[in-house]
Structures are given as structure tokens and as C-alpha cells.
Amino acid sequence: MFTAILVMVGLAVIIGLVLGWSAIRFKVEGNPLAEKIDAILPQTQCGQCGFPGCRPYAEAIAKGEADINQCPPGGEEGVKKLAELLGVEPKPLDESHGTPKPKSVAFIDEQICIGCTLCIQACPVDAIVGAAKQMHTIVADECTGCELCLPPCPVDCITMVPIAEDLPHWKWKAPVIMLKKVS
Amino acid sequence: MTLQEFNTIFQNGLSKQNAGLVQLLGLCPLLAISTTLVNALSLGLATTLVMASASGAVSGVRHFVPHEIRIPVFVLIIAALVTVIDLLMNAFVHPLYLVLGIFIPLITTNCIVLARADAFASKNRPLHSVVDAVAMGLGLTMVLVVLGGMRELAGQGTLLSGIDLVFGEEAKQFVLHVVPDYQGFLLAILPPGAFIALGLLIAAHNWQKARAERRVHAAAPMPA
Amino acid sequence: MIEQLKAAARNALRSGMILFVFALIATALLVFTFSRTEPTIERSRQAEKLALLSQVLPPALYDNDLLASQQAVPPHELLGTRQDSARWIARRGDTVTAVVLEAIAPDGYSGNIALLIGIDVDGNVTGVRVTAHRETPGLGDYIVRSKSPWIEQFVGKSLTAPESKRWKVAKDGGQFDARAGATITPRAVVKAVHAALNYFARNRAALLAAESAPDPAPDQETPP
Amino acid sequence: MPAPFILDRSSVTQVMAWVLAALLPGIAVYVWLFGPGILVTLSLATVTALVAEAAMLKARGYPAKPFLTDLSAIVTAWLLALSLPALAPWWLIVTGTLFAIVVAKHLYGGLGQNIFNPAMVGYAVLIVSFPLQMTQWPGPLSLTDAPLTLAQSASVIFGGDLPKAMLDAVTMATPLDALRTGLLQQLTVDEIMVQPIFGHYGGIGFEWLAGAFLLGGLLLWALRIISWQVPLAFLAGIWLAAGFLHFFDAGRFGAPWFHLFAPSVMLGAFFIATDPVSGSTTPRGRLIFGFGAGLLTIIIRTWGGYPDGVAFAILLMNLSVPLIDAWTQPRIYGGATRRGKAPPA
Amino acid sequence: MSRKLHTFKGGVHPPEHKAESNARPVHAAPLPKQLVIPLRQHIGNPAKPVVEVGQRVLKGQLIGAADGYISAAVHASSSGIVTAIGPAVVPHASGLPDDCIIIDTDGRDEWISLAPLDYRAMEPADLRMRLRDLGLAGLGGAVFPSAVKLDPGAAHHCPTLILNGAECEPWITCDDVLMRLHADDILQGVAIMRHLLGSTEILVGIEDNKPEALASMRFAAAKLDFAVEVVAVPTIYPAGGAKQMIEILTGQQVPSGKLSTDIGIQVFNIGTAHALARAVHHGEPLISRLVTVTGFVLRPQNVEALIGTPLHTLITLAGDREGSTGVLMGGPMMGMPMPDLAVPVVKATNCILVQSAELFPPLPKALPCIRCTRCADACPAELQPQELFRFAKAGDFGRAQEYHLFDCIECGCCSYVCPSHIPLVDFYRYAKSEIWAREKEKRAADLARERHEFRQFRLEREKQEKAEKLAAKAKAKRAELAAAPAAEGAPSEADAKKALIAAALARAQAKKAEAAPKNIDHLPPDTQREIEEIEARRAKIRELARQPLESEEKP
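Residue numbers (the numbering used here), protein chains in the order written: chain H, 1 to 183; chain W, 184 to 407; chain U, 408 to 631; chain Y, 632 to 976; chain E, 977 to 1531.
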């Protein structure tokens, strides 16, 4: 009887010592999970999720402070990928954060632009070039379509132009094999 | 604890996060022991008992347990409780103990017990934790009973066989011979039968869930 | 660096202490339960064994404490044993009435079949039970009493009734019934019971002697 | 409209029809040597399979016509029927066929999705659940006094149990059963083989049956419907494993030729293990698949709980197919052997 | 002719249907009223238009200049007026319009002045530039700019030159006819290739179902001053695939992921050799080619067609028939259906195949894959098509890539033999374009992340600099105030601070007023609400963005 108690207690003390020591000694700094989440997010940097950019949103998800369905540009597919990564059930997009839109780029009507630079300050990826009192232009290849430049423009010279499907952007469609009767 | 909390916890345990059908946790005893209804019910109740006491205990000490040693502590608590129950069953329901045999100590490693201790009890107040454990346990027991019933019925055409192991010799009269002169369908009693029956149960559960969802969709008012 | 090591050491001590306390409580609980249930468990075990023995011995044959009469029997070819087995002696008053032997049928379809055989002083079988086997479910397992009454056929049989060449299953021209398509298992059991009777006939005196064990150097003659 | 715009004439129906045709010599020999009972079994299994297939297609919302006319259900039914004892009761045949079609085929996703061979799943379920009824093999006609006519066989199958004496008269242990029983009675192989049921190689009648299935299998191979790898490796596995054991103790282990011509091996090698859906798809994988199945067959026959092991061996190998396929991806044109991510050109 | 031939694994042998079109004499197609010349006819960058709408152009005049190294020029195929430069329907599987130059012909077919090139006297690099400007591109189907392929690269020579005259697709006979009629010209082109590539071994592979072409080429080869081996290869599809042709003739396989030049072999189509000879010896740009018009027409034949000629012109020439079910460009194995018969002949157009229900019965419905691996047996790339199909269908593109999806040459053998009639090639094309699209998306996302992170860094730095500057200024001001003589009693330190704050506040307010948008008066309520929402969101974002900074500033 006494041996049993001794063995149990001895074992417990050893395990406790090892775990307590390791907890401090081998602490992992940084958050690899946030990196992985960030890699899935579309990097639009639009802030629709309620966070100032994709990275902060990724960190919030990793900490469990934000839900996975707050990113409209990522769409349902993005939610699904996040759900898969985190091992949770996918859920529909939270519409209070916006709805997915076709991919677009911003376009500045240079006839109207007064060169106020407000949009340049708003752009999260520095995709607008121009200087004060001179008209601005969008670098279409770098524009993420986040729409953050629309509200500050005092003359409403910016419009979102959906990316049209042309030959270089055309994709083969998924072939459909009709086995089942469509109900 | 409000009634609503209580309801939510019970719904989770019995259906939404049912250990057997949704989380698929603790399948080892689920499959091994569900050969008859009585076996299934007994092990289910034993597991529920262990879960309830373990969750209560874990919840009670949750403030004294540092994060890094929580698992050893939980395991210690669970193992101690299981051993106690094992000894008690051995002493007072010996015939049943002979049947359930090795599966009682296995409750220790049944992940659903540890899962609830870590996921729920270590973060909630004792009362909530015990209710959650009971709900989870009953959810598992429910699945076990249905599974045991299915397998017993298909396998040997009876229900409640072995009830005498729990209530003594006189209880034998309660055994239901549902199909008289049954040939016996061994597959149901053998391990593959457990997997097939569980598969069917999960399928039925999912089907029912999908149907309920469809109905909710259909019932939703159309936007004007 | 030093600071960090110190912090780790402090944390280690704290964790160790907490686990120590939990382990102490858990072990204490176990020790307490164990000491309380031990006698009951022992009684249950005895009762279980007795129940088994009583299945191969009619209650009229004995009034002694069967369990107390247990003695070791050295391994013997006729018993199919490789290690010491047990035998129990039934007495009515001071008269020895019967003996219960453990035997093994080595040539079951899937290996050994363990048997418990009761034999009265006149060499008649009082009962046979299978205590362990691995026969094909549904095919060979009807030798178990809970599956079919087949095993009751042996009651009252002896070396002379029927005579040796009729100690076979019906298919081989013997006395004992067997299911079509599943004759290997019953064959093995019949053979083992017959051999055990032979063993009894040869070592009768030693087996029935109250205190002494049978001849440790059994004769090597094979049974007819 | 996809390219290419022309197609070869082959179709699933055509493939399945050839498989059925290749089974015909075997069925003919069966009837000739064991009596017409098998025809009842075959018909019952076929009808059950078609009804089950139609019902499942309807339940799953698939059109019935293309899937019923692809003949795959009939192939499953025939393979199962040919594996069952020809005098097995009707409910046994129906249960097995239902299990094969409903569970093994449709619950796994239907044609092309079943990871296990449906016929073998049906067989395994039956042998595990009803071992007793699975022993009612009709004896070879040359060894039975009163062979059953077609009508008598039907009445045995549908009418339930025969009187025991009569059943004993027409049924017989298969050579594999006889070998197993004999070995358990401490007889040597040579002593067992003098029993009348044993023929030159695999048992009276059974060896001719095996020959007929071999013939059908060679036809399928000649038509390129099956590959050579699986049957050859399967037979080689059996021959080598049995030969190895026989070489060390001829008294306790059957000869390799006996195992090759014993019931169900040829059927398994050419018709069941070659099932493309549940088998391996790479050339090397097929060799491993076939050899493994052969090896397991002998292991199960020798040490397992049931006298024959072909079904279990094939099911076990079915289980390992994804692994085998992943390991044995062939080298492609241009020599890339390892699975590496080629950049999108 | 003792060359040992090798075989490639797989392949199929569909009915050939060559005899329909290769017996009739070759006609020149009539000059159409309008020519539509796409700027993107080759692999690489599209040509840049160098003419303007309304300008008159002459036959052979450069109208689209090559843009970059991997590109080729396009030329006016006849004289006339440029009436439009912009999108028009082009022969492409998508049916989408693409930029074209449209010329209304004037019927005079007036050439620019042509100047032959003395290729032996020219610098090879100059010669290649000239060929690029003459619009030379492979006529076998892939339309890779020939100038690039004629660059032997760092090795400075390409020992083996293979001329591909296999023409393995059913129905097509334009190469067959070209070899019968212009063997000498083709071999003149080969001489130029040999000169540029420094090849020592020249092989011509022709399928053995074209005996006349073989004879004609052998006859012409015998007249040359260098050795050209004309080899008859077995007729099996796709023997005309470049990699398959290399394996048949040399027994070598081009390593996966590499080019044939890496093992010292270059392959050209015989049509390309012919066009090269015309370009060098006559200075003619690539403005016409031989096109087989066959299938469900009255007079299947080969025609010499100008690039830009609408397809219906050619079909009318070959004899239109009632009841056609569609038109393919290319052969039945790899061709693509044409959305519109107004699409022009381009450099890649080798065949116009008119379909009918009888010649091309509608494909039967697909059944599930039964893993019979006939596709694997037929695959000349030695892939496992059934696995690729499984992955592509499941959307598991990563696995498809691991199983070498990009080694698929889309020859269609797998679909041809599939007993379940699954359109396998469609699945591979779909998977490939999805992977490309995702790569593109990923690159864009990485770029955006990088730029955003840099911006954050820049803002942070600016903020810090500003704070430092402010602190310095405040310090200076305080010192100034303290130093100022006290008029009505010295202002205390606190007063100075207050004054500072008041000044700062006033400045901030002025700035805010300045920054407020000027167009927000008298807005409709909708817009007003939207602006408010946006403002709220921005405020929230600002709030959130500030929080972490503040917490960091705490000690």
C-alpha cells in the first residue's frame, strides 16, 4: 500500500517538475498559425473584416477573437479553406461585413481628379501614383480592389471597374458530367 | 444556472455535439461493448458516472491547476475515479463486471472523458460541468443503447438478454425474444457489425439533420 | 539567461508540488476504496468459481466446501495439459463422491478448447463445460452451454457406456450428435472427454485421495 | 463540346459483356459436373442484383437505364453466385447479393467508387454470418448416388432444409474442407488425399472447373480486358507460398498444384482480383496486389478460421490499393520518377 | 534506310480519312472582301499594331510589329484599307473576341517590294530578327515563334534537326500535299535551319501512310549537297507530337520539364520549313498557308488561303452541304469547335473539318470511371490519366500536379479509348488553367502583402519622425516662453503648456475643416447614409489600428 502511494506521488512530482520546467524553457515565440491564416486571406487589405488589414485579422482569428467568416473578398471558398486549416465547420459569410463582389480594380477619371492626394493616403498598398495638385493614376496591376479610396475622394472621380474576362484571363470551365437527373 | 443554459448544454450533449455520432470520440468501447442492449446501457451509464464525477472534480480544482500540467492532473483524477468505479462494480455487480471486464479501465483512456474535462470542465463552473458531462454521457449512452439494441436484435433476435447479470436470476423473464426461432445474423454481433451499424446510425443522423436544415430554409420568409 | 533558468526552476517546483498534492489525494482515495471493497470482491470471485463448478456437479453429490478442496494436478497428455491444472473433490459427509478436472482439447478448429469435467467415483460423467475456446462463431461454438444444450450429452456417459469405439461423433459412426458441416469442434471435445475419463480410470486412487496429489510420473501409454 | 470528337468503340457494357461471356465455359462445366443447381443460384442472384440496383439508383436519384444496361450488377451477381455453395438456401443468396449491391456498391458511391469488390463483400458477410449454410456444397456427380435435377435443386434452395440424411447424400465437404478436417485429425496430407473427393490436382470436378475458369480468363487477357499482372502474380503467390510450406513439411501442407486447382482460385485470379475498380492500377502495383492476395490466400487457408481464404485475401488487398498505387506510380515519359511538383509551364 | 526505329508507349490508331482530301489539286482560295488579322496568332506577346484606321496597306506590309523576344509580327495578306483595329471573334476555344486588324481588300492584291535575304552573309542574330519581323511561327499547331526556336542557345549548335512530316491526326493532309508539291522548297528551308542551328544530322519523319510524300521528299533530298535522311515511321497517333517523333527516330526521351534542345535536338514542322524558305529566298512574310478543308463538304481538298480569310469562304469553295453539325479547326483529336464561321484562318489553321451527324456522331453520355486503365495504356506521356481525372474532378489540383499534370500533351488518346466516355482532356485543361489562375492570384496576393507591409512600416516611421520633430519644437517653444520677459507677471510653466495645447487644437481644427470633403452638402439620403456607414467603419478601423500602438507605448 505504502509503495503504491510512493510510486504514484514520486511519478507525479517528476512529471510536474519536467512539465513546469519545459513550459518556461521551450516557450514558442510568435504565432505560426497566424502566418498560415494570413497566407489564405486574399490580401485585399480592405478592412471589411473590421481589422486594419489582413494580417491583424489573421492574428485575431489565430487568437480566437474573430470568426472565420468576416472576409467578403475571400468569399465562401476562403471560409472553407480557413475552416479546413483550423479544423472547424465552415459557415456562411457574415453579411454584416459585406458581400463578395466580382474582382475589380479602381479607375480614376483623370478629367475630374483635382489632385487632392486623399486617395493616395487611403490606399493600403500604395497603388496610386501622383502628387498634390496633379492628377492621380491607379497602378492596375497592384490595385487589390479594396474600395478604400472611394469614400475619401471629394469629387467622386474613382470608379470600380470589374475585371473583364478576356483571352489571357480566360479559364477552361469545369466539365460537367451529367449522371444524376436534375431534380 | 438558467434554464436556457441548461437546455443548450443538454442539446449539445444529446444531439448537436453528440460524442458517438458527431464528434466520433470514444469509439473503442462504443464498438466493442455494444453487442447487446444491456451491455451497452451498463457501459454507457458507467461512462456517464465517470464523466460526471470527473468533470465536477476537474471544474472544482480548475483554478489551482497551471496550464502545463493540466493534462496529467486530469488524467490522474479520471484514472482514480475509474479505478474506484471499477472496484465498486467488481464488488457489487460482479457478473456484469465479468462481461464489461476490460472496458471499465478503458474508460480512463476514453477520449470523450478527457475531452470534456479539458474542453468544458476546465473552463466552466462545477454545476455546468457536471450537467455537461451528464448530457454528453447520456448522449453517448443513447447511441450505445440504440447500437446495442440494433446489434442484439439483428444478431440474435432478442432484446435485453443478459439483464439477469444486472438484476439477478429473476430478471431473466424480462428478456424479449422478438423474433422466435431466429437463425442469428452473426455479422451484427461481430466487430464489423458494430462499424456497419454505427455507419447507418451516423447516416441517419446526418440525413435527419439535413432534412431539418432544408425545412428551416424552406420555412424562412422570402424577402419581399 | 540565468533569470530565465531561475524562472523555469521556480515554475518546475510549483508544478511538481501541485501534482504531488493531487497524486496524494487520488492515491488516498484509491487506497480507501480498495480496502473497503476487497473482501466483497474476494467473495464474488469465490461465488463465481463455485457457480461454475456447480454446473458440472449435481448439488446432491456434495456438501463440502468445494473451493477449499482445490489441488494441483501435474501436466498429463491425457488431460491435454502442459502446465499444472486444478482438481476439486466433492464429498458428501466423509465420503468422496466425485472429482472435477480441468482438461484441454488441443485439436479444436482454431486451437485449444478448455474444459471442466466432473466425474463421479464410478467413472460416470456428471457434467462438462467449456471454459475457454476460439472456435468459429456460429459454426463451432455450439459446444458452449449458453448457445446450445449439446454439451449436456455427456452427462451419465462413462468409459464403458458407450464402449470406446462409439466415443465418436455420429458422422464417424459414434454415439455423439454433431451438426452437419461443423464436426471438427465436437470431435475434439468428445475426444478430450474420453481421454479425461481414461486419465481418471488410471489415476483414480490418487485423484480421489483427499490430500495427496496424483502420481507425478504419469504412465505414457496412449489410450485405445 | 470537348475534344476529341471521335471515340473508340469500346464501352463499359462491352467490357462487362465479355466478362460474362468468359464465365460461360466455367458455368457449363459446373452444370455438367455438379448438376444444374447452380443455374437456380445464378438466376436468383441476377434477379436480386438487378432489382437492388434499380432500387438503389432510384433512391440515389440516378437514371436507371445507363447503369442497368452496363451489366456490372450482373457481373457481381454471377461472381457471387459462383462462389456460393450451389445448394445454399434462397435467403442466403438474396442476403449476399443485397449486401453486395446495396452496401458494398451503392453505399460506397456506386459504379466505379466501391473500394471493395462487391461480390467478395457479399461472400464475406455470408461466410461470417452463416458459416453452417455456407457448407452445403453439392458433391461431384460422379461421387453422388442420386444427383438432383433442376427442379429438385430449386426445391432444395427454395424449400428450406432437406432431411439430414438426404442432405448428407448430395452434399459433400469441398476438398479444402476435407484437407482441413483431415489435418486436424492428425492425418498427413498423403493420407487425406486418398479420399474420393481428391482428384489429380484439386479435387474431382473442381479441377475441371478451375480449368474452365482459366480458359475464360485467358480469353479476357487475349482481349486486353484484364492485364496479365494480377492473375499471374496471384497464381505465383499461391504457388510459391504453398510450395514453400509443402517443401518443408509435405505431410502437413498441401501441394502447390492442389492449392492452385482447389475451388475458387482460378475464379479469384482471373475474374475477381482483376476487378479494375477495387484493384491496383499501376503495372507494378498489380504485381504486388496479385502476389499479396495469393500469399494471403495460403496464409488464411493454412492458419485462418475458415477453410478458404481467397475472398478475405482479395478484400485485404483491396484495402491496401491506395497505398500500393501511391507507392508504385510508374515513371512517366521523360523519366520523372519521383512525385515532384512540376512547375506550370 | 536502315535506320532502327523506336516506339513510344501508348498511342491509338483511329480511322485515317486522308484519302478524301489529298487527291484533289490545290487551289488558291479566292480573295475575300474583308480580312481579319488577329494580333495574337502565336505564343508570346501579341503584336503591336503599327497602322492606323483608314490607312491603305499593301500586300505583305507590316501591320503589327513583334513585341519582345518571344513574339512575331503580322502582315497584311492583301492590299486594302484598314477599317478597324479592335476586338473581333477569333478562333479560340473560349469564343471570346480578341484584338484584330480588319482590312477591307481592294481586289488589286498589290505587293510591297520584296527583298530576298542572303542568309549566309548575315549575322545569325540579325537573320533571326528579320524572320521575327517576317512573322515566322511554327505551322504545326503550337505556333511558337520560329526565330526563337532557331536560336541554338549557349551550346551554339543543335546536332540533330528533325523535320516533322508525320501529320498523325486523321483527316488532315495539308503537310502531305505540301511535301508532294514543294519538297524542294521545304528542303531549302531545312538548309537555312541547318545553317542557323549548326546541325549535323537531319532527319525527316513521315508516317508510312503517305508513300507519295515520302517518295517526293526522298527524291528532293537526293539532290542536296548535305545528307538528309527521310524516314518512314509507323502510322500511329500521336507520332507527330514532337517528343514522340524524337523518341521514334532517336530512341531518346526529352527529360520531363526540359526542352528538346537540352538533349541537342530541335524539331520543326515541314510547313515551317517551307515558309522559312519563302521568307528567306523571296523575302515574303507569312501571309498565307495550306489549309485542308474536309469532312462533310462536296469537294474535300487543300487550299492555299490567306491569313485572315474567313472560314466560310473556304467552306463555300469546298462545297457547302446541308445538315452540317459544326466546324472544327484542326483535326478530330485536338481540334476545337468554331463559334462562328466568320473567324479567320490564322497561322495555326491546318484544317477545317466540317462535321455531320454521320461522320461525327454525338458523343455518348459519360459513365463513372471504372479504373480500367485503358487510358494509361494509351497515354503517350506515360501518365496515369485515371488518377489525374480523379484529382482534377475533386479539385485536388496539388495532387494532380504531383502526378505530372503538366506533362500532359492533351493529345486526347485517353478520351478516345475511355469505355466510360469521360471527356478526360477537358478535365486536364480545366485543372491546368485553374492552377495557372491560382498561381497568378497568389503572386498578386504576395505583392499586395509586401506593399501593405512596406506602407505600414513607412507610416510608422513617418509618425515617429513627426513625433520627434514635434517634441523638439515644443521644447524650443517652451524655452522661448520661459525666456520671454514677464510683462504682467511671469506666466507659469502650466500656463505655457495650456497655451501650447490651445494653439495645437486650433491648428488641428483648421486642418480638419480643410480636409473635410467639399461635396457633401445636399446629398441624397442614401448617399448620406452610405457615407456615414463608411465613416463609422473608418473610425472603427482607426480605433483598432491605434490600440496596439498605444499598448506598446506603455512601459
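Ideal placement from N, C-alpha and C gives every residue a C-beta, glycine not left out. It should be emphasised that the depicted structure is a prediction, and the values quoted were computed from it without experimental measurement.
Answer yes or no: does any C-beta atom of chain U fall closer than 8 Å to that of residue i?
i	result
P762/Y	yes
I177/H	no
H277/W	yes
So residue i packs on residue j, CB below 8 Å; how close in whole Å?
i	j	result
K1341/E	P635/Y	Contact flag wrong, Cβ pair sits at about 16 Å.
L763/Y	R611/U	Incorrect: roughly 40 Å between the Cβ atoms, too far for contact.
Roughly how many angstroms separate the alpha carbons of residue i and residue j, rounded to a whole number?
i	j	result
M824/Y	L814/Y	11 Å
Q194/W	L321/W	11 Å
H1018/E	G1117/E	10 Å
F357/W	G332/W	15 Å
A131/H	C116/H	8 Å
F902/Y	M1193/E	52 Å
M234/W	P374/W	26 Å
R917/Y	D906/Y	11 Å
G534/U	A223/W	33 Å
F665/Y	W768/Y	9 Å
P1214/E	G75/H	42 Å
V1027/E	V1058/E	8 Å
R308/W	V361/W	45 Å
L819/Y	L810/Y	Here residue 819/Y turns out to be Thr, not Leu, going by the sequence shown. When rounded, the distance between both Cα atoms is 9 Å.
Y1392/E	C1351/E	8 Å
L369/W	K81/H	44 Å
F350/W	I5/H	36 Å
A782/Y	L738/Y	36 Å
Indicate whether at least one CB of chain Y lies closer than 8 Å to the CB of residue i.
i	result
F368/W	yes
S517/U	yes
L384/W	no
L186/W	no
Using a Cβ cut-off of 8 Å (strictly closer), state whether residue i contacts chain W.
i	result
L19/H	yes
R421/U	yes
V759/Y	yes
Which residue wins for smallest C-alpha separation from residue i, given the options the options?
i	options	result
V1620/E	G1056/E, I1057/E, I1077/E, V1058/E	With chain E covering 977 to 1531 only, the question about residue 1620/E has no answer from this structure.
A1324/E	S1264/E, A1376/E, V1330/E	S1264/E
L426/U	K91/H, L11/H, C46/H, A23/H	L11/H
L675/Y	D701/Y, Y661/Y, L638/Y, T707/Y	T707/Y
A873/Y	I828/Y, G925/Y, L779/Y	G925/Y
Checking contacts by CB at 8 Å: is residue i closer than that to chain H?
i	result
D1296/E	no
>> At a CB distance below 9 Å, what residues from the stretch 797-819 of chain Y approach chain U? Give them in sequence order.
In response: L798, D799, T802, A804, D808, R811, T812, L815, Q816, Q817
>> Under 9 Å, CB to CB, which of the residues in the stretch 702-735 of chain Y have a partner in chain E?
In response: Correct list: S703.
>> To be precise: take each residue of the stretch 531-555 of chain U, compare its Cβ to all Cβ atoms of chain Y, and keep it if any distance is under 9 Å. Which residues remain?
In response: R541, E542, T543, P544, G545, L546, G547
> Along the stretch 125-141 of chain H, what residues have a CB closer than 9 Å to any CB found in chain E?
Replying inline: V125, D126, A127, D141
> What residues in the stretch 55-72 of chain H have a beta carbon less than 9 Å from any beta carbon of chain E?
Replying inline: R55, P56
>> What are the residues in the stretch 424-437 of chain U lying within 8 Å of chain H by C-beta distance?
In response: M424, I425, L426, F427, F429, A430, L431, A433, T434, A435, L437
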